Amino acid sequence: MGLLDNIIQAAEEKKAENISVLKVTELTTIADFFFITSGSSVPQNQAIADEILKNAGQKPLNMEGYDLADWILIDFGDIIVHIFTEEKRATYNLESLWADAEKLIRRNED
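Going by the numbering used here, the sequence shown opens with residue 91, and the numbers climb by one from there.
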């Protein structure tokens, strides 16, 4: 199982909501994929991040936002993980910002 599969499985294990994977390879050099999801609370977002870190099989290059946890960013190099509260996700709306990206996975949408 690859890193992206591990991330998806870990997020689903902690009941992450509205999972989206965007392939951004052709649009930016910062990553190949954006994994975007939401939690219903700060503790849930931290639990999602913890589970991803535990199951990734590799250490991230960087992580930001864990303490406030309204937007946690975990940089694995080729994959950047974004874990939002619903409010912050709506504010930054990465799916619209990267609308030209190929949508590989969309789960649990309303």
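Glycine included, every Cβ here is placed at the ideal spot set by N, Cα and C.
Owing to the predicted nature of the structure, the values given are computational and were not obtained by experimental measurement.
Task: Secondary structure of glutamate 154, DSSP reduced to three states - done: If you number the sequence shown from 1, residue 154 lands on position 64. The answer is strand: DSSP assigns glutamate 154 an E or B state.
TODO: Determine, using beta carbons only, whether isoleucine 173 and alanine 146 come nearer to each other than 8 Å.
DONE: The count along the sequence shown starts at 1 and reaches residue 173 at position 83. The count along the sequence shown starts at 1 and reaches residue 146 at position 56. Taking 8 Å as the cut-off, the Cβ atoms of isoleucine 173 and alanine 146 do not count as close.
Task: Endpoints, beta strand (DSSP E) assigned at threonine 119 - done: For the purposes of this step, residue 119 is identified with residue 29 of the sequence shown, where counting begins at 1. Counting along the chain, threonine 119 falls outside any beta strand (DSSP E), and DSSP gives it neither H nor E.
TODO: Just the C-alpha distance for serine 110 and lysine 193, rounded to the nearest angstrom, thanks.
DONE: The residue given as residue 110 occupies position 20 in the sequence shown. The residue given as residue 193 occupies position 103 in the sequence shown. In this model, serine 110 and lysine 193 are separated by some 7 Å (Cα to Cα).
Task: With 16 other Cβ atoms within 10 Å as the buried cut-off, status of arginine 196 - done: The sequence position of residue 196 within the sequence shown is 106, counting from 1. Exposed, by the Cβ-count rule.
TODO: Please work out which residues of its chain come closer than 6 Å, Cβ to Cβ, to threonine 115, disregarding the five sequence neighbours upstream and downstream, and give them in chain order.
DONE: Reading the sequence shown from its first residue, position 25 is the one you call residue 115. Taken in chain order, the residues that qualify are Asp122.
Open item on the list: Quick check: the Cα distance between leucine 143 and glutamate 176, rounded to an integer number of angstroms?
Closed with: Counting from 1 along the sequence shown, the entry for residue 143 is found at position 53. Counting from 1 along the sequence shown, the entry for residue 176 is found at position 86. Here the alpha carbon of leucine 143 sits roughly 21 Å from the alpha carbon of glutamate 176.
Open item on the list: Given a cut-off of 8 Å on the beta-carbon distance, is the pair leucine 93 and alanine 191 in contact?
Closed with: For the purposes of this step, residue 93 is taken as residue 3 along the sequence shown, with counting starting at 1. For the purposes of this step, residue 191 is taken as residue 101 along the sequence shown, with counting starting at 1. No, Cβ-Cβ distance for leucine 93 and alanine 191 is not below 8 Å.
Task: From Gln148, Ala137, Leu184, residue whose alpha carbon lies closest to that of glutamate 103 - done: As a working note, residue 103 is residue 13 in the sequence shown. Closest by alpha carbon: Ala137.
Open item on the list: Using 8 Å as the threshold, is the C-beta distance between serine 131 and alanine 106 below it?
Closed with: Locating residue 131 in the sequence shown gives position 41, counting from the first residue. Locating residue 106 in the sequence shown gives position 16, counting from the first residue. Their beta carbons are not under 8 Å apart, which means serine 131 does not touch alanine 106 by this criterion.
TODO: Could you check if isoleucine 126 is buried or exposed, using at least 16 other CB atoms within 10 Å of its CB as the buried criterion?
DONE: In the sequence shown, counting from the first residue as 1, residue 126 sits at position 36. By the neighbour-count criterion, in which 16 or more other beta carbons inside 10 Å mark a residue as buried, isoleucine 126 falls on the buried side.
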